[in-house]
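In the numbering used here, the protein residues as written are 18 to 600.
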Amino acid sequence: MWYSELVEAYEKIEATTKRLEMTDYLVELFKNTPSELLDKVVYLTQGRLYPEFVGIELGLAEKLALRAVANAAGVPVKNVESEAKRVGDVGLAAEDILKKKRQATLFSGRLDVETVYGTLDKIARTTGEGSVDAKIKLLSGLLADANPKEAKYLMRTVTGRLRLGVADMTILDALAVAFASKEQRELVERAYNITSDLGYVAKLLAEEGLEGLKRCKITVGRPIRMMLAQRLTSAEETLEKLGGRAACEFKYDGERIQLHKKSDEILLFSRRLENITAQYPDVVDAARRCILAEDAIVEGECVAVDPDTGDFLPFQELMHRRRKYGIERAVKEFPASFFLFDALYDGEDLTQMPYPERRRRLEAIVREGNNFRLSEMITSDDVNEIERFFELAIESGCEGLMLKSIAEDSVYQAGARGWLWIKLKRSYQSKMAEPIDVVVVGTFMGKGRRAGTYGALLVAVYDDDRDVFPTVCKLGSGFSDKDLENLPKILEPYKIGHKHPRVESSIEADIWFTPAVVLEIIGDELTLSPVHTCAFGQIREGAGIAVRFPRFTGRFREDKAPEDATTVKEIVEMYQAQLKKIE
Ligand code: AMP
Numbered sequence: 018m019w020y021s022e023l024v025e026a027y028e029k030i031e032a033t034t035k036r037l038e039m040t041d042y043l044v045e046l047f048k049n050t051p052s053e054l055l056d057k058v059v060y061l062t063q064g065r066l067y068p069e070f071v072g073i074e075l076g077l078a079e080k081l082a083l084r085a086v087a088n089a090a091g092v093p094v095k096n097v098e099s100e101a102k103r104v105g106d107v108g109l110a111a112e113d114i115l116k117k118k119r120q121a122t123l124f125s126g127r128l129d130v131e132t133v134y135g136t137l138d139k140i141a142r143t144t145g146e147g148s149v150d151a152k153i154k155l156l157s158g159l160l161a162d163a164n165p166k167e168a169k170y171l172m173r174t175v176t177g178r179l180r181l182g183v184a185d186m187t188i189l190d191a192l193a194v195a196f197a198s199k200e201q202r203e204l205v206e207r208a209y210n211i212t213s214d215l216g217y218v219a220k221l222l223a224e225e226g227l228e229g230l231k232r233c234k235i236t237v238g239r240p241i242r243m244m245l246a247q248r249l250t251s252a253e254e255t256l257e258k259l260g261g262r263a264a265c266e267f268k269y270d271g272e273r274i275q276l277h278k279k280s281d282e283i284l285l286f287s288r289r290l291e292n293i294t295a296q297y298p299d300v301v302d303a304a305r306r307c308i309l310a311e312d313a314i315v316e317g318e319c320v321a322v323d324p325d326t327g328d329f330l331p332f333q334e335l336m337h338r339r340r341k342y343g344i345e346r347a348v349k350e351f352p353a354s355f356f357l358f359d360a361l362y363d364g365e366d367l368t369q370m371p372y373p374e375r376r377r378r379l380e381a382i383v384r385e386g387n388n389f390r391l392s393e394m395i396t397s398d399d400v401n402e403i404e405r406f407f408e409l410a411i412e413s414g415c416e417g418l419m420l421k422s423i424a425e426d427s428v429y430q431a432g433a434r435g436w437l438w439i440k441l442k443r444s445y446q447s448k449m450a451e452p453i454d455v456v457v458v459g460t461f462m463g464k465g466r467r468a469g470t471y472g473a474l475l476v477a478v479y480d481d482d483r484d485v486f487p488t489v490c491k492l493g494s495g496f497s498d499k500d501l502e503n504l505p506k507i508l509e510p511y512k513i514g515h516k517h518p519r520v521e522s523s524i525e526a527d528i529w530f531t532p533a534v535v536l537e538i539i540g541d542e543l544t545l546s547p548v549h550t551c552a553f554g555q556i557r558e559g560a561g562i563a564v565r566f567p568r569f570t571g572r573f574r575e576d577k578a579p580e581d582a583t584t585v586k587e588i589v590e591m592y593q594a595q596l597k598k599i600e
C-alpha cells in the first residue's frame, strides 16, 4: 500500500469538521487497506505507532526534524528553521521547501506504508549515544523519497503532531461500517474496551470477522478501559437511582491505578492507560506480597500520605512521582497508600459478574498490608446512615463517597461512564463550592504585564454525547509567575494553526490548541452566557453556561485525558443544583 493513499485520506479528513464525513473517509481508507497492514494504518491515523500502554512514543524534537528536511532538500538548516517559524508548522514548512526544490530535480521512489511505519518505528526506538544523528539520517532518507504532501504528514507524525481530530469513537464507527455493520458496533466497542488497542481490534475484525471479536478475551498485561462514574448531589436521589440499596465506599482523592499481576510480574496502568509501573515501586512491592492469586487484575486508588501524621495529602503530591529519576526519593518523601475497590480477573474473567461478587473475589485474593488496603465500604439502604458515612469520609480526608449498584446487572462496564457508579461529593452552595476540570483549547496573547506571553486561556468542558469540547470560560486568574512562565512550554506541543475540529467556540482565540491539557479551576458561580457554547440552548435559547470569575487552583490534572474533564451534563446538573439552593 502506498503511503500516498494514506496522505490522500488525511487531506480529506483534515478538510472536514463533520464527524460523519470523517467516518466515510475512514471507511474508504480501511476498506482499501490490506488486512495485514490495518493495525499499522490505524495507529498511524491516530498519530502513533502502538497503543498507549506499550509506551513507545513518537515525538522527535522539531529542531532535529527540521535538520532532516535540510538534509533531504539540500538547503541550509537556517532556511528551513525560518520557514517553519513563518508558517508555524513543521509539516507545512517541509512541504513548502520540498515543493520549491523538487521543481528543479526529479525525485526518486515511492513510499509504501510498511517502509514509513518501519522507519518511524526505528526512529522511535533508537536511543543512547549517536542516536540523534541516526534518527536524523533515518528521517532524511524517508523525506528524500517523499513528495511534498507526504513530507508534510511525515513531519507532523514524527514530531507527534499529526492531529487529524479523529476520536477513537470515530475510528470504531468506521471499523464497524467497513467490516461489520452499524448494528454490530457494540461488539466492536466491547473488544476495544477490554483490549484498549484499536489497531489490534481492527486487524482481528478484518481478518476473522465478528467471530474473531467474540473470542477476544481479557489478557493480563493489556489494560482494560476503565469504568467511570456519573455524579449526583444528594444521597437520597442517588440511592433511589441505584434501586434503594447500594455499596457505599470512601472516594479517595488520588490516582486511579489498574494493577496487573502475572506471577511475580506487576504492571500498573493509569486512567489514561499509560504504563506507570516505574512510578510506584512501593505499590509493586506491596502487590507482590499482598495479592494471593497467581494472576490477577485489580483496581484501586493510590493516595499520597503524610509520612509524619498518616493523613491523606492532596492529589497533587503524587505528581512528584511523574519523573524519570529520583523516584526513590519521591517514594520516601511522599509515600502512598493503595486502596483497592475492584477485581476484574483472578484467573477468570470477572467483568460480567455483579459487583458484590467481584468485591467478594477481591477480598479473597488480597491480604491487607500497611499501605495496601481495601476501600472502606458499607452496604446500606438508609439515607441517614449514608450521610453519616459521607461525613466520616470527608473527615478522613476523602472527597466524598462512591455509591455503587449491587444489582444483578452491576457488571464492570469497561470504558463507560454509566449509572452503576455514582459519585457523591459535597453539595453545591449557591456559589460554586467545588472545582471543575477543564481542557485548554485556545489562548489570547497578553497585554501590559503579560505582554509577550499568554494573557488568558480559553477552556472547555467535555460533551460526551457528541464527543466535542464546548467552551465554558476565559481563564486568566490564579496563575503564579511560574505557571505563567511554564504555560507556553506546556502547551507548545499542542499548538495548531486552526480551531480543532472537536472544539466548539464562538470566540476566536489568538492561538488554538488540540484539547489535551486538563487543569482544575474554581469559580464564583455558573451563569448563562451568550458567548460560551457549553450546554448551548439547553437552559435558555441562545445561551450556554459559563463559569463566572474562574481561577486556576494550581492543579494540573496530568492524570486526566481531555475526555475525563468535567462533562456538560455535570455542568448542567451543577447549574440546576445551584438554582435550587438559591430558590
Ligand atoms: P472523578 O475523577 O471525579 O470522575 O471520580 C471518579 C474517580 O474516583 C475514579 O476514576 C477513581 O479514580 C476515584 N475513586 C476514588 N475512590 C473510589 C472508589 N472507592 N471506587 C471507585 N472509584 C474511586
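Heads up, the beta-carbon is just placed ideally off N, CA and C, and yes, glycines get one too.
Is DSSP giving Ala26 helix, strand or coil here?
helix
What does the Cβ neighbour count give for His517, buried or exposed, with the cut at 16 atoms within 10 Å?
buried
Using the DSSP secondary-structure output, state which residues sit across from Lys512 in a beta bridge.
Phe530
For Gly417, which of Gln369, Phe267, Val218 has the nearest alpha-carbon?
It is Phe267.
Alpha carbon to alpha carbon, how far is Ser546 from Ser447? Give it in angstroms, no decimals.
Confidence at Ser447 is low in this model, with a pLDDT of 46, below 50, so its placement is unreliable and no value can be given for it.
Note down, one range per segment and in chain order, each beta strand (DSSP E) of at least 3 residues found wholly within the region 266-294.
272-279, 282-286
Specify whether the region 198-217 and the region 47-67 touch according to this definition: at least 3 beta carbon pairs, one from each stretch, less than 8 Å apart.
Result yes; three or more Cβ-Cβ pairs closer than 8 Å.
Nearest to Ala161 by CA position, among Val300, Tyr362, Leu115, is which residue?
Nearest of Val300, Tyr362, Leu115 to Ala161, Cα basis: Leu115.
Residues that DSSP places opposite Thr33 in a beta bridge
Its beta-bridge partners do not exist; DSSP assigns none.
DSSP beta-bridge partners of Tyr297
Answer by DSSP bridge pairing: none, since Tyr297 is not bridged.
CA nearest to the CA of Gly76, picked from Lys139, Ala594, Ala563, Tyr297
Lys139
Hey, how far is the Cα of Gly229 from the Cα of Val92?
51 Å
Quick check: does the Cβ of Tyr269 come within less than 7 Å of any heavy atom belonging to ligand 1?
yes
Residue burial classification, Glu254 (beta-carbon count within 10 angstroms, cutoff 16)
Around the beta-carbon of Glu254, fewer than 16 other beta-carbon atoms lie within 10 Å, marking it exposed.
Check whether the Cβ of Ser213 lies closer than 7 Å to any heavy atom of ligand 1, and answer yes or no.
Outside the cutoff, so no.
I'd like the list of long-range same chain contacts for Pro505, defined as Cβ closer than 7 Å, with 5 residues on each side in sequence excluded.
These residues qualify, in order along the chain: Thr470, Tyr471.
Taking only heavy atoms of ligand 1 into account, decide whether any of them is closer than 7 Å to the Cβ of Met591.
no
Would DSSP call Val585 helix, strand or coil?
helix
Spatial neighbours of Ser427 within its chain, please: C-beta separation below 6 Å, excluding the five flanking residues on both sides.
Once the five neighbours on either side are set aside, the close Cβ partners of Ser427 are Pro371, Tyr372, Leu437.
Length of the line joining the Cα atoms of Phe329 and Asp56
43 Å
My output table needs one value for Glu74: the three-state DSSP class, helix, strand or coil.
coil
Can you list, in chain order, the residues of its chain with a C-beta nearer than 7 Å to that of Pro452? Leave out the 5 residues immediately preceding and following it.
Glu537, Ile538, Ile539, Thr570
Looking only at its own chain, which residues have a Cβ that is under 6 Å from the Cβ of Lys48, when we skip the five neighbours before and after it?
Result list for Lys48: Ala195, in chain order.
Sequence-distant residues of the same chain with beta carbon closer than 7 Å to Ala82, five excluded per side
Excluding five sequence positions before and after Ala82, the CB atoms of its chain that fall closer than 7 Å to its own CB belong to Val107, Leu156, Met172, Val175, Thr176, given in chain order.
Are Val183 and Leu37 closer than 8 Å when you measure CB to CB?
no
So does Met39 have its beta carbon nearer than 7 Å to some heavy atom of ligand 1?
no
Residue from Ala90, Arg338, Leu285 with nearest C-alpha to Gly317:
Leu285
For ligand 1, any of its heavy atoms closer than 7 Å to the Cβ of Arg273?
Yes, since a heavy atom of ligand 1 falls inside the 7 Å radius drawn around the Cβ of Arg273.
At which residues does the beta strand (DSSP E) containing Phe573 begin and terminate?
568-573
Span of the alpha helix (DSSP H) around Asp150:
Taken as a continuous stretch (DSSP letters only), the alpha helix (DSSP H) holding Asp150 covers 148-161.
Count the other CB atoms within 10 Å of the CB of Val320; is the residue buried (16 or more) or exposed (fewer)?
It is buried - the Cβ of Val320 has at least 16 other Cβ atoms within 10 Å.
In the DSSP assignment, find the beta strand (DSSP E) that holds Leu245 and state where it starts and stops.
245-249
Assigned exposure category for Phe566 - 16 Cβ within 10 Å defines buried
exposed
Taking just the CA atoms, how far does Phe530 sit from Val456?
10 Å
Verify whether the separation of the beta carbon atoms of Tyr256 and Val104 is less than 8 Å.
In the sequence under discussion, the amino acid at residue 256 is Leu, which differs from the Tyr named in the question. The answer is no: Cβ separation not under 8 Å.
By Cβ distance below 7 Å, which residues in the same chain neighbour Ala90 in space, the five residues on each side in sequence not counted?
Result list for Ala90: Ile114, Leu115, Lys118, in chain order.
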